[in-house]
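Protein chains in written order, with our numbering: chain A, 152 to 378; chain B, 23 to 242; chain C, 457 to 710. Each residue gets a CB set at the ideal place from its N, CA and C atoms; glycine is no exception. On a predicted model such as this, the values are computed, not experimentally measured, just so you know. See below for the structure under consideration.
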Amino acid sequence: MGLELDFSVVLDRWQSLLDGAALTLELAFIAVICGALIGALGAIGRRGGNVLIARLCGAYVEGIRNTPLLVQIFLVYFGLSSLGLKFSAFTVAAVALTINVGAYTTEIMRAGFDSIHKGQIEAAEGLGLSKAQVYWHVVLWPAIERVYPALTSQFVLLMLASSVTSQISAEELTAVANYIQSETYRSFETYIVVALIYVVLSFIMRLGFWLLGLALFPRRRRLGTPL
Amino acid sequence: MGGTLNLNHLLFLGHGALWTIGLSVIALIGGGAAGFLIALCRVSPSRLLRILAATYVQLIQGTPLLVIMFLSFFGLAAIGLNISPLLAAGASMTIFVAAYLGEIWRGCIEAVPKPQWEAAEGLALSRSQRMVKVILPQAIRIATPPTVGFMVQIIKNTSLASVVGFVELTRSGQIINNSLFEPFLIYSIIALVYFSLCYPLSRLSRRLERTALQKKPALA
Amino acid sequence: MNAHTPPPVSAGTAPVVALRNVHKSFGPLKVLDGVSFEVARGEVTVLIGRSGSGKSTALRCIDRFETIDSGEIEVCGLRVDNPQLDLRALRLDVGIVFQSYNLFPHLTIEENITLAPHSVKKVPKREAKTLAARVLEQVGLGDKLHAYPEQLSGGQQQRAAIARSLAMQPKVMLFDEVTSALDPELTGEVLKVIEALAADGMTMVMVTHEMGFARGIADQVVFMHRGKVHEAGPADILSSPATPELAQFVGTGL
């Protein structure tokens with residue numbers, strides 16, 4: 152077996168690889184921010200008193216969680232264009248990823264909200280806090296702290312999954328890889344390099360979330376125990 | 023083909039759906055077997071095995087499945103093997119599933135209550151006897167709901183085998199679309215098929231989880 | 457009514473808490489069946505009775521954690537039964553302490569205490585912190601400002617919860633079986649704090665199973681039975697009950 156690997160032609164394209172990696176992180180960042188917002192609202196809607204809204208949120212979560220991201224991306228891509236709306240591949244990718252991660256976040260946040268004991272809310276109400284204040288101080292923050300590990304690993308998974316958007320030619324890391332391998336004919340080497348870049352990106356994200364967790368949750372920083 | 027969506031198209035999609043199921047089964051069996059080894063290595067007394075298994079998990083869980091697909095496809099070619107899409111897809115899914123199931127199952131093995139480990143040790147069972155006779159039977163019960171849940175992930179992820187030319191459900195949809203150009207309709211149908219494959223499994227997983235939770239106090 | 461009604465409280469000042477003919481059902485279950493009693497300023501009222509007698513529900517109705525079906529509840533001049541009640545105003549006047557402490561686990565003891573003064577009463581942060589230090593000193597936890605709830609024993613957590621309520625400077629405090637979740641050796645420290653509050657003249661309504669404590673602290677004992685005030689009066693009624701039900705309860709309740 153003559154397995155000869157030559158990484159030089161691939162590594163020569165470090166500039167493109169870096170651009171692709173940056174775009175991957177950018178996509179992930181946008182989707183995480185928007186998806187987290189959707190997730191918080193979705194969880195509130197799913198637990199709220201309005202049956203119709205709760206059902207809609209439930210259908211959204213189940214629909215997304217039980218279909219492949221690749222198909223969701225195609226649906227958004229062709230759905231928007233069949234409505235006559237023209238967007239860049241990047242925008243379509245960001246929208247599809249947001250819709251996707253929003254559903255997972257909804258489910259995770261719901262578990263977080265469910266974990267808040269009724270007594271906590273009564274204690275806050277008993278102190279005279281308004282409904283919004285109770286929600287903010289006693290429900291939302293402890294819920295986020297409790298599901299933070301699940302939430303952040305979902306976000307890392309999303310960053311990895313964003314590679315699928317290369318299929319609609321969003322120019323993130325995997326699309327860059329596809330391009331480089333078609334030019335250099337060093338396919339195996341290209342994807343090895345790109346795989347390692349993804350490993351580094353997920354490490355960076357985990358590190359970032361860990362630091363953010365320390366900043367956001369002083370209790371965790373001091374005691375190191377789960378809430 | 024061509025023209026409007028007809029029975030032949032639907033039959034072709036059905037054929038693709040069967041391959042989605044087939045590849046999922048291959049991934050479950052291959053990835054399950056490899057994942058089981060990974061899980062055992064992760065709780066092994068040998069430090070080397072633990073580190074090797076942990077590294078494998080870290081690397082695979084840090085790489086997109088899509089890239090693993092390309093790596094298998096081109097890697098097999100690079101070592102001079104004849105590339106068949108089935109081989110590339112099957113290998114990728116096995117590599118991928120092993121890392122995730124291995125990690126899930128490790129958690130389940132470690133979730134077996136401490137007193138059980140100690141009791142087994144107290145009975146002077148050998149390490150492998152303890153594993154086989156005491157720990158694993160209990161771990162399997164704990165592992166059932168998350169494993170069923172992960173089968174949903176497997177089914178959905180087989181859609182990525184389309185990139186190495188494996189004609190499963192998504193790829194067959196793309197092929198039909200090339201002649202019909204009704205993408206929204208076709209991908210909607212495909213999404214529906216995936217949903218009807220995955221949703222029952224999701225429900226089952228949740229039901230198993232609930233019954234497991236209810237039984238917990240009785241076990242403790 | 458075969459129940460013995462309490463003697464009229466000292467005339468002149470209006471009662472701080474008054475329940476008048478309060479009815480409340482959970483579905484088909486009547487929990488409060490015409491409950492009336494009054495609490496005068498500076499007085500300690502102890503609600504006793506078997507579980508399910510309605511005593512905890514009565515207490516929770518005072519702070520509008522339950523709404524009532526009919527009757528009147530008046531607290532510090534506010535009509536609690538009024539659907540348009542300003543809840544915030546009510547809860548500024550009433551402090552409540554629960555059986556399960558309900559400290560906020562993600563906040564330090566200091567943050568637990570300053571949260572409401574700062575965000576409800578708009579007390580500046582620094583002033584709120586001074587206040588927190590003072591009330592914590594009052595319950596004997598001056599050194600626990602920066603601890604998290606999980607680092608405290610049950611008794612300390614309950615004292616911190618009392619301090620949290622005190623920081624809002626309520627006119628009346630409600631205690632809902634505050635020692636029931638505690639190990640016997642920890643109840644003493646909590647009861648001591650409550651005794652000190654009583655000595656300071658705090659108006660209090662409490663549900664408790666600690667008969668010895670009730671006897672020592674109560675200005676008024678309200679014995680509830682099947683959703684009614686079955687017997688009420690000064691602490692003496694615990695030693696010489698007028699109804700067989702209270703006699704039996706006191707006999708077994710010790």
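Report, in whole angstroms, the separation of the C-beta atoms of residue i and residue j, which I expect to be a contact under 8 Å.
{"i": "L45 of chain B", "j": "A183 of chain B", "result": "6 Å"}
{"i": "D242 of chain A", "j": "I189 of chain A", "result": "For the sequence presented, residue 242 of chain A should be read as Thr rather than Asp. Actually they are not in contact, since the Cβ atoms of T242 of chain A and I189 of chain A sit about 17 Å apart, beyond 8 Å."}
{"i": "I131 of chain B", "j": "S114 of chain B", "result": "Not a contact, Cβ separation roughly 26 Å."}
{"i": "V491 of chain C", "j": "G510 of chain C", "result": "7 Å"}
{"i": "L597 of chain C", "j": "I529 of chain C", "result": "At roughly 33 Å, the Cβ-Cβ gap does not stay under 8 Å, so L597 of chain C and I529 of chain C are not in contact."}
{"i": "G527 of chain C", "j": "D537 of chain C", "result": "7 Å"}
{"i": "V170 of chain B", "j": "F95 of chain B", "result": "Contact doesn't hold; Cβ gap of about 29 Å is too wide."}
{"i": "R206 of chain A", "j": "S224 of chain B", "result": "That belief does not hold up - the Cβ atoms of R206 of chain A and S224 of chain B are roughly 17 Å apart, past 8 Å."}
{"i": "V174 of chain B", "j": "W41 of chain B", "result": "That belief does not hold up - the Cβ atoms of V174 of chain B and W41 of chain B are roughly 18 Å apart, past 8 Å."}
{"i": "T256 of chain A", "j": "A312 of chain A", "result": "In fact, because the Cβ distance is near 14 Å, the residues do not count as touching under 8 Å."}
{"i": "F679 of chain C", "j": "E687 of chain C", "result": "4 Å"}
Can you tell me whether residue i is buried or exposed, with buried defined as 16 or more other CB within 10 angstroms of its CB?
{"i": "L358 of chain A", "result": "exposed"}
{"i": "L88 of chain B", "result": "buried"}
{"i": "H562 of chain C", "result": "buried"}
{"i": "T85 of chain B", "result": "buried"}
{"i": "K136 of chain B", "result": "exposed"}
{"i": "S218 of chain B", "result": "exposed"}
{"i": "G53 of chain B", "result": "buried"}
{"i": "H288 of chain A", "result": "buried"}
{"i": "E155 of chain A", "result": "exposed"}
{"i": "G293 of chain A", "result": "Checking the sequence shown, residue 293 of chain A turns out to be Pro, not Gly. Counting Cβ neighbours within 10 Å, P293 of chain A comes out buried, since at least 16 surround it."}
{"i": "N104 of chain B", "result": "exposed"}
{"i": "K600 of chain C", "result": "buried"}
{"i": "T26 of chain B", "result": "exposed"}
With a threshold of 8 Å between beta-carbons, can residue i be considered close to chain B, or not?
{"i": "F238 of chain A", "result": "no"}
{"i": "A312 of chain A", "result": "yes"}
{"i": "D157 of chain A", "result": "no"}
{"i": "V243 of chain A", "result": "no"}
{"i": "R211 of chain A", "result": "Looking at the sequence provided, one finds Tyr at residue 211 of chain A rather than Arg. Chain B contact via Cβ: absent."}
{"i": "I343 of chain A", "result": "yes"}
{"i": "Y299 of chain A", "result": "no"}
For chain A, find out if any of its Cβ atoms is closer than 8 Å to the Cβ of residue i; answer yes or no.
{"i": "A213 of chain B", "result": "yes"}
{"i": "A793 of chain C", "result": "Because chain C in this structure spans residues 457 to 710, residue 793 of chain C falls outside the shown range and cannot be described."}
{"i": "A100 of chain B", "result": "yes"}
{"i": "C220 of chain B", "result": "yes"}
{"i": "F554 of chain C", "result": "yes"}
{"i": "P107 of chain B", "result": "no"}
{"i": "F188 of chain B", "result": "no"}
{"i": "F217 of chain B", "result": "yes"}
{"i": "H562 of chain C", "result": "yes"}
{"i": "Y122 of chain B", "result": "no"}
{"i": "F705 of chain C", "result": "no"}
{"i": "L182 of chain B", "result": "yes"}
{"i": "S224 of chain B", "result": "yes"}
Can you find a CB in chain C that lies within less than 8 Å of the CB of residue i?
{"i": "P293 of chain A", "result": "yes"}
{"i": "R372 of chain A", "result": "no"}
{"i": "L363 of chain A", "result": "no"}
{"i": "L367 of chain A", "result": "no"}
{"i": "E322 of chain A", "result": "no"}
{"i": "L378 of chain A", "result": "yes"}
Using a cut-off of 7 Å between C-beta atoms, extract the partners of residue i located in chain A.
{"i": "V324 of chain B", "result": "With chain B running from 23 to 242 in the structure shown, residue 324 of chain B is simply not present."}
{"i": "L548 of chain C", "result": "G279"}
What in chain B is Cβ-close to residue i, meaning under 9 Å?
{"i": "F354 of chain A", "result": "Q80 and G84"}
Listing by chain order, which chain B residues have their CB less than 7 Å from the CB of residue i?
{"i": "A346 of chain A", "result": "T85, V89 and L93"}
List the residues of chain A that residue i touches, going by C-beta distances under 8 Å, in chain order.
{"i": "S575 of chain C", "result": "L280, Q284 and H288"}
List, in chain order, every chain C residue whose beta-carbon is nearer than 8 Å to that of residue i.
{"i": "L302 of chain A", "result": "Within 8 Å Cβ-Cβ: nothing; L302 of chain A doesn't reach chain C, min ~16 Å."}
So residue i contacts chain A; which residues on that side make the cut at Cβ distance below 9 Å?
{"i": "T192 of chain B", "result": "P219, L221, V222 and F225"}
{"i": "R544 of chain C", "result": "G279, L280 and S281"}
Starting from the beta carbon of residue i, find every residue of chain C whose beta carbon is closer than 7 Å, and list them in chain order.
{"i": "E296 of chain A", "result": "H562"}
List the residues of chain C whose Cβ lies closer than 9 Å to the Cβ of residue i, in chain order.
{"i": "L188 of chain A", "result": "Per Cβ cutoff of 9 Å: no residues; L188 of chain A is ~21 Å from chain C at best."}
Using the beta-carbon of each residue, which ones in chain B are nearer than 8 Å to residue i?
{"i": "F383 of chain A", "result": "With chain A covering 152 to 378 only, the question about residue 383 of chain A has no answer from this structure."}
Near-chain A residues of the segment 72-97 of chain B - C-beta to any C-beta below 7 Å: Closer than 7 Å at the C-beta level to chain A, one finds these residues of the segment 72-97 of chain B: L81, G84, T85, P86, L88, V89, F92, L93, F96 and G97.
Interface positions of the segment 252-285 of chain A facing chain C (Cβ-Cβ less than 8 Å), listed along the chain: Look at the segment 252-285 of chain A: the residues with a C-beta under 8 Å from a C-beta of chain C are H268, G270, Q271, E273, A274, A275, E276, G277, L278, G279, L280, S281 and Q284.
What residues from the segment 213-234 of chain A come within 9 Å of chain B, judged by C-beta to C-beta, listed N to C? So the close ones are E213, G214, R216, N217, T218, P219, L220, L221, V222, Q223, F225, L226, Y228, F229, G230, S232 and S233.
For the segment 131-161 of chain B, enumerate the residues whose C-beta is nearer than 8 Å to any C-beta of chain A, in chain order. Within the segment 131-161 of chain B, no residue places its CB atom closer than 8 Å to a CB of chain A.
Contact list for the segment 606-636 of chain C against chain A, Cβ threshold 8 Å: Answer in chain order: E606, Q607, A617, R620, S621 and M624.
Between the segment 199-212 of chain B and chain A, which residues of the former have a C-beta closer than 8 Å to a C-beta of the latter? The segment 199-212 of chain B vs chain A, Cβ under 8 Å: P205, F206, Y209, S210 and I212.
If the cut-off is 7 Å on Cβ atoms, which residues from the segment 513-540 of chain C count as contacting chain A, listed in chain order? Result list: D519 and F521.
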